[in-house]
Amino acid sequence: MKSNHLRGGAEALAIPEAKKTRLELRTTAEFKEKVRSASALLGVDMSAFIVLAAMELAQKTLDKQRMRSLTDDAWNKLNALLDAPVKEQHDDLERLMLEKSRYDKE
Numbered sequence: 001m002k003s004n005h006l007r008g009g010a011e012a013l014a015i016p017e018a019k020k021t022r023l024e025l026r027t028t029a030e031f032k033e034k035v036r037s038a039s040a041l042l043g044v045d046m047s048a049f050i051v052l053a054a055m056e057l058a059q060k061t062l063d064k065q066r067m068r069s070l071t072d073d074a075w076n077k078l079n080a081l082l083d084a085p086v087k088e089q090h091d092d093l094e095r096l097m098l099e100k101s102r103y104d105k106e
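In this note's numbering, the protein residues as written are 1 to 106.
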């Protein structure tokens, strides 16, 4: 029976349970053999190995898109802006709200 965890790091990485939806891909024989060898070393099947690798890259990609890194100087400037009192822009806001939208019916 194949393991549901990958070994080799500080902690075991859980493989998501088997799903019923199929994903087919075409690849080279060299890629397939490399994945087969690596998955065998970890004691998981090829599907679990590919799913884990894809999920890891997908999560990193999504995190990178959602997260921004700031230098210490930029972080301090951002916090200063957030902590600064709000400027009174009541008149501008009121004028904006009173203008007709291009979507308003004539």
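Note that the Cβ used here is the ideal one computed from N, Cα and C, for glycine as well.
When DSSP labels each residue in this structure, what does residue i get in the three-state scheme?
i     : result
LYS34 : helix
ASP92 : helix
ARG22 : coil
GLU56 : helix
LYS77 : helix
GLU99 : coil
LEU70 : coil
LYS87 : coil
ASN4  : For ASN4, the predicted structure reports a pLDDT of 49, less than 50, and the residue's modelled location is therefore unreliable. The matter cannot be settled from this model.
Within its chain, find whatever has a CB closer than 7 Å to the CB of residue i; leave out the 5 residues flanking it on each side and keep chain order.
i     : result
LYS77 : none
Should residue i be labelled buried (16 or more other beta-carbon atoms within 10 Å of its own) or exposed?
i     : result
PHE49 : buried
Is the CB-CB distance between residue i and residue j below 8 Å?
i     : j     : result
ASP45 : SER39 : yes
Considering only residues of the same chain and omitting the five flanking positions on each side of residue i, which have a CB-CB separation below 8 Å?
i     : result
ASN79 : none
Whose C-beta lies closer than 6 Å to the C-beta of residue i among residues of the same chain, with five residues either side of it excluded?
i     : result
PHE31 : none
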